[in-house]
Amino acid sequence: RAINFFKNRYELTVAFSLNHDVKVAATAAYDIQRVLAEALMNVVKHGSTKTATVTAEVAGTQLTLKIINQSRHHQPLAKKNHYGIAGMQERAAKYNGQVTFQASQDHTITVTATFQIKEGAQWLAQSWLLMTIRLSVKD
């Protein structure tokens, strides 16, 4: 239902891939989903197509998110007085991670966010992926 709402509101199709569930603390889940929400909003605002691919891979204690889409711009933009990218990087840094941006010649933008996570708390990774869709569409 959440994916349909996102599709209807923004005409965005999101394909998810998750290699396996992992439990993370609620505060970490919130920060991770906010990074993902910001990346998806950037797809809505700057994408040349209305599709995005999101993969979440867990290896040991590292979670890696990749958000891939076609952009109207050749490289990611960082505007003055716009703090989306800085906020993404700050949230990842709280978990000894980082956010990187890669632009290819065909205008494909790949946002890669890594987080060092600790297992054992409340939320499943798949739950925060679905929650992100709901939160990213609020005004």
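The sequence shown runs 8 to 146 under the numbering used here.
Heads up, the beta-carbon is just placed ideally off N, CA and C, and yes, glycines get one too.
Cβ pair residue i, residue j closer than 7 Å
{"i": "residue 51", "j": "residue 17", "result": "yes"}
{"i": "residue 120", "j": "residue 72", "result": "yes"}
{"i": "residue 59", "j": "residue 74", "result": "yes"}
{"i": "residue 70", "j": "residue 122", "result": "yes"}
{"i": "residue 61", "j": "residue 23", "result": "yes"}
{"i": "residue 124", "j": "residue 31", "result": "yes"}
{"i": "residue 38", "j": "residue 98", "result": "yes"}
Candidates the options: closest to residue i by CA position
{"i": "residue 45", "options": "108, 105 and 92", "result": "92"}
{"i": "residue 107", "options": "101, 117, 98 and 113", "result": "117"}
{"i": "residue 54", "options": "79, 23 and 24", "result": "79"}
{"i": "residue 33", "options": "26, 41 and 27", "result": "41"}
{"i": "residue 35", "options": "61, 56 and 102", "result": "102"}
{"i": "residue 14", "options": "48, 39 and 112", "result": "48"}
{"i": "residue 104", "options": "68, 112, 27 and 77", "result": "68"}
{"i": "residue 112", "options": "28, 77 and 39", "result": "77"}
Bounding residues of the beta strand (DSSP E) (the contiguous stretch that carries residue i)
{"i": "residue 26", "result": "From DSSP, residue 26 is part of no beta strand (DSSP E); its letter is neither H nor E."}
Which residues DSSP lists as bridging residue i, in chain order
{"i": "residue 120", "result": "72 and 106"}
{"i": "residue 78", "result": "54"}
{"i": "residue 64", "result": "71"}
{"i": "residue 59", "result": "21"}
Whole-Å CB distance - residue i paired with residue j, under 8 Å assumed
{"i": "residue 57", "j": "residue 19", "result": "5 Å"}
Opening and closing residue of the alpha helix (DSSP H) in which residue i lies
{"i": "residue 97", "result": "91-100"}
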